[in-house]
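Visitor: Here the sequence shown stands for residues 2 to 301, where the numbers follow the numbering used here.
Even for Gly, the Cβ is constructed at its ideal location relative to N, Cα and C.
Before I ask anything, here is the structure I am working with.
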Amino acid sequence: MANKVTLKQIAQEVGLSPSSVSLVLNNRPCRISEENRKLIKEVAARNHYVPNQIARSLVMRESRTLGLIVPNIESRFFASLAGSLEKRCREDGYALFITSSGGSADDDLELLRQLVTRGVDGVFLVVGDEFSDDRALREEVSHLPIPAVMVDRAIEGLECDKVMFDHEMGGYMATRYLIEQGHRRIACLVNARRSNTGRKRLAGYERALREVGLPIDARLEFESEYYIPSAYEASEAVLATDATAVFASSDNIALGLLKRLHEMGKSIPGDISVVSYDNSAADVLFEPALTAIEQDPGRD
């Protein structure tokens with residue numbers, strides 16, 4: 002393993018002070034000739050110089066690192082969100098620590114504290130439980146010494162910056178599409194008990210029905226967690242109704258429903274129509290392709 006070249010060694014080779022070399026390599030304003038700038042960068046590149054981020058953090062009082070907490074990194078949506086956010090951070094000169102809480106408010110709290118301890122400049126938080134009454138988590142977010150942004154999900158009444166998708170509109174668009182295809186008995190498979198996003202998608206579903214004078218029938222609204230096994234279990238009751246179409250409020254929920262349909266020998270859209278929400282890569286595995294409302298975390 003080669004010895005790591007230091008800023009002082011580069012300074013000695015180019016015949017300038019370490020402070021001058023530091024200014025050039027960190028792209029800081031300085032009164033150094035273009036010739037010397039070029040020389041410094043050539044020597045640094047030839048010696049594979051890597052800045053000491055810890056030392057830089059002490060001087061600049063910033064780490065150029067950010068943290069992200071998601072409920073489930075194995076989720077296609079959250080994996081896509083993490084990938085898009087990491088790419089944007091890297092383009093802006095930041096590194097991103099990506100962590101997963103497993104949907105636990107206790108782990109959200111622990112990970113927040115770990116990220117602050119590690120000196121991140123800010124944190125993105127996708128809470129695992131939007132209805133959590135965990136006072137410790139609320140207090141921690143409210144008194145963080147760094148900026149915090151809640152993404153996609155938000156704890157009601159917690160004051161901080163938020164970046165949200167329009168889930169109500171998504172639910173409306175999915176249901177409206179099914180109505181325009183001629184369906185009048187449309188079931189909704191949704192996570193509304195523990196998810197504000199699910200509640201908003203359900204609200205959009207109901208708005209679309211009301212808009213065309215269709216009744217809100219509680220017998221066509223079914224609860225499912227955002228996991229395939231949960232949706233698979235709930236699908237038995239859905240398919241026992243007279244619904245001719247289903248709005249599945251996430252791709253995982255749709256996959257659980259499709260598994261049940263496959264076992265029953267039913268086809269889409271021959272026997273029943275399905276519209277999903279997320280439009281992850283899984284949707285293209287079906288023939289015909291599954292219709293879905295796209296939720297693109299990488300879009301500006």
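1. For Val117, does the three-state DSSP call read helix, strand or coil?
2. Return helix, strand or coil for Met265, following the three-state DSSP convention.
3. Quick one: give me the first and last residue of the beta strand (DSSP E) that Ile70 is part of.
4. Would Thr245 pass as a contact of Ser268 if the rule is Cβ separation under 8 Å?
5. How many whole angstroms separate the CB atoms of Gly129 and Gly104, which I take to be in contact at a CB cut-off of 8 Å?
6. Express the C-alpha separation of Cys31 and Leu8 in angstroms, rounding to a whole number.
7. On the three-state DSSP scale, how would you describe Val191?
8. Should His184 be counted as a contact of the ligand PLP given a C-beta to heavy atom distance under 7 Å?
9. Judging by CA-CA distance, which residue of Glu295, Ile99, Leu116 is the nearest neighbour of Glu87?
10. Under the three-state reduction of DSSP, which class applies to Met165: helix, strand or coil?
11. State yes or no: is the C-beta of Val127 within less than 8 Å of the C-beta of Ile70?
12. Looking at chain D, is there any beta carbon in it that lies within less than 8 Å of the beta carbon of Asn27?
13. When DSSP labels each residue in this structure, what does Asp279 get in the three-state scheme?
Guide: Result, derived from the coordinates:
1. helix
2. Here Met265 sits in coil by DSSP.
3. Going by DSSP, Ile70 is part of the beta strand (DSSP E) stretching over 66 to 71.
4. no
5. 4 Å
6. 17 Å
7. strand
8. As for the ligand PLP, it is missing from this structure, which has no ligand bound.
9. It is Ile99.
10. coil
11. Contact: yes.
12. The structure shown has no chain D; it contains just one protein chain.
13. strand
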